[in-house]
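**Student:**
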Amino acid sequence: MPKLNRGRVTRLDDMQGLTAEELIDRAVRMEAQANDPHSTDDPAWLRRWAEKLRALALQKARARDRRSRSRE
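The numbers in the working numbering rise by one with no breaks, and the one at position 60 of the sequence shown is 208.
#1: Helix, strand or coil for V191, going by three-state DSSP, please let me know.
#2: Could you give the distance in angstroms between the alpha-carbon of E179 and the alpha-carbon of A205?
#3: Relative to the C-alpha of N183, which residue among R210, D173, L194 is closest?
#4: Please tell me whether T167 and K208 are closer than 9 angstroms, where the distance is taken between their beta carbons.
#5: So, are the CB atoms of Q181 and D173 less than 9 angstroms apart?
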């Protein structure tokens, strides 16, 4: 399995096009995979990327709130 890097996450997998809820769902799946004893991926790596996805989801949620408040 190829390792992800920032370019792959933001462009090839198009994380910018996902909603905050979808990003959180992916982060939860990554954390579950990190806790799976049969997973061959590095748990620390998966947890780091899950945190990055959660941070991006938080940014998107805040931006959505700002946009909705500015339209009122």
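Ideal Cβ placement from N, Cα and C applies to all residues, glycine included.
Note that the structure is a prediction, hence the values are computed from the model and not measured.
**Tutor:** Short version:
#1: Mapped onto the sequence shown, residue 191 falls at position 43. Val is not the amino acid found at residue 191; the sequence shown has Pro there. In this structure, P191 counts as helix in the three-state DSSP scheme.
#2: Sequence index remark: in the sequence shown, residue 179 carries index 31 (1-based). Sequence index remark: in the sequence shown, residue 205 carries index 57 (1-based). Each residue's CA atom was taken as its position, placing E179 and A205 some 15 angstroms apart.
#3: Position 35 of the sequence shown, counting from 1, holds the residue named residue 183. Considering only alpha carbons, the answer is L194.
#4: Here residue 167 refers to the residue found at position 19 when the sequence shown is read from its first residue. Here residue 208 refers to the residue found at position 60 when the sequence shown is read from its first residue. It is a contact, given that the beta carbons lie within the stated cut-off.
#5: Locating residue 181 in the sequence shown gives position 33, where the first residue counts as 1. Locating residue 173 in the sequence shown gives position 25, where the first residue counts as 1. Not closer than 9 angstroms, so no.
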